[in-house]
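Inspection log for the structure reproduced underneath, given as structure tokens.
Numbering (the numbering used here), first residue to last: -6 to 311.
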């Protein structure tokens, strides 16, 4: 009996081992199913502008701040901005605004002669070029008529005069204030005033309607009851010039919000799908190069922080 019992016990163990081996070598069986994923992206026109600030340091009066004067040199292109389409629509148009000193049309807000660096707006120093083209334009440079007589100018009686400050160059202008200011005639010197030359100083009419000596005359086209605009050429570049109350001038390019921009042919978009730029698709970007031109007569230290605003338009804005 003892031997039989032992034999049964041994058989049981062998069976268990055989079964165990059979289970561990069985091939796995898998199964799968699918889920459909759908995403609808909202219609949004959005841009990201980087860097968010640029600082030019230790600039001389009458100088131009370039990439080498930018405080942060730890970037690939100091003084430039990247305009990236981070929305979901194709961008078709891009233009700019810059802040400026005072109130356009109110010469009492002019900063010159105040002795206060906070009276000057850094946005009014900004010129802008398309990427790597080295062809810089004012977005909207604002200047006012002179508060003090300039004894070396010769201007017809009843005319206001001032200057367009272009860094180290200043272009004098004179306007017939006895006319309606929105349709008046304005004369602009073509030779700039600098530290080494007087420039165009004689604005008296001699009967030559195309200009005397070194100035050109333009008639303003009415924008409203106080403002007129004209297509002009300055320093070899085509601009729009808006004049308000015969005492303030705005020189602009690539600014579709400026006075008279809709009727002034020299004002164009910075990016325009209708003139060969195509559409700026989501995820793509464009670069703008910036410089600043500091006029003469700016008080030392940090001037008021300015703002460059980038405006975009898409085929479906939202």
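Idealized CB from N, CA, C, for every residue including glycine. Given the structure is predicted, the values throughout are model-derived calculations rather than measurements.
If you drop the 5 nearest sequence neighbours on each side, which residues of the same chain put their C-beta closer than 7 Å to that of residue i?
| i | result |
| --- | --- |
| residue 88 | 247, 248, 249, 262, 263, 304 |
| residue 41 | 77, 79 |
| residue 112 | 94, 104 |
| residue 47 | 63, 72, 283 |
| residue 294 | 110 |
| residue 230 | 130 |
| residue 297 | 111, 113, 114, 115 |
| residue 207 | 182, 183, 184, 193 |
Hey, quick one: how far does the beta strand (DSSP E) through residue i stretch, first residue to last?
| i | result |
| --- | --- |
| residue 223 | 220 to 227 |
| residue 86 | 84 to 91 |
| residue 301 | 301 to 307 |
| residue 260 | Residue 260 -> no beta strand (DSSP E), and no H or E assigned at all. |
| residue 123 | 119 to 123 |
| residue 286 | 278 to 287 |
| residue 233 | 230 to 237 |
| residue 158 | 152 to 159 |
At the level of alpha carbons, what is the spacing between residue i and residue j?
| i | j | result |
| --- | --- | --- |
| residue 95 | residue 43 | 27 Å |
| residue 175 | residue 34 | 48 Å |
| residue 64 | residue 151 | 47 Å |
| residue 299 | residue 92 | 6 Å |
| residue 32 | residue 123 | 37 Å |
| residue 197 | residue 136 | 22 Å |
| residue 265 | residue 277 | 15 Å |
| residue 129 | residue 140 | 29 Å |
| residue 238 | residue 216 | 12 Å |
| residue 203 | residue 169 | Confidence is the limiting factor: at residue 203 the pLDDT is only 48, short of 50, which leaves the residue's position unreliable and the question unanswerable from this model. |
| residue 69 | residue 254 | 34 Å |
| residue 184 | residue 143 | 17 Å |
| residue 243 | residue 274 | 33 Å |
| residue 30 | residue 23 | 23 Å |
| residue 285 | residue 251 | 20 Å |
Round the Cβ separation of residue i and residue j to the nearest angstrom and send it over; I've been treating them as touching at under 8 Å.
| i | j | result |
| --- | --- | --- |
| residue 258 | residue 236 | The Cβ separation is near 17 Å, so there is no contact. |
| residue 181 | residue 227 | 7 Å |
| residue 188 | residue 165 | Actually they are not in contact, since the Cβ atoms of residue 188 and residue 165 sit about 15 Å apart, beyond 8 Å. |
| residue 155 | residue 173 | Not confirmed; about 19 Å, so no contact. |
| residue 98 | residue 241 | 5 Å |
Once you ignore the five residues that flank residue i on each side, which residues in its own chain have a CB closer than 8 Å to its CB?
| i | result |
| --- | --- |
| residue 308 | 82, 83, 85, 272 |
| residue 292 | 107, 108, 109, 110, 112, 113 |
| residue 287 | 52, 53, 54, 55, 56, 57, 58, 118, 160 |
Let me confirm a value: residue i is counted as buried when at least 16 other C-beta atoms fall within 10 Å, else exposed. Which label applies?
| i | result |
| --- | --- |
| residue 290 | exposed |
| residue 281 | buried |
| residue 127 | exposed |
| residue 100 | buried |
| residue 260 | buried |
| residue 21 | exposed |
| residue 115 | buried |
| residue 55 | buried |
| residue 268 | exposed |
| residue 193 | buried |
| residue 190 | exposed |
| residue 125 | exposed |
I'd like the list of long-range same chain contacts for residue i, defined as Cβ closer than 6 Å, with 5 residues on each side in sequence excluded.
| i | result |
| --- | --- |
| residue 211 | 179, 223, 225 |
| residue 167 | 148, 152, 154, 180, 196 |
| residue 60 | 71, 72 |
Is there a C-beta anywhere in chain D that falls below 7 Å from the one on residue i?
| i | result |
| --- | --- |
| residue 246 | The chain labelled as chain D is not found in the depicted structure, where only one protein chain is given. |
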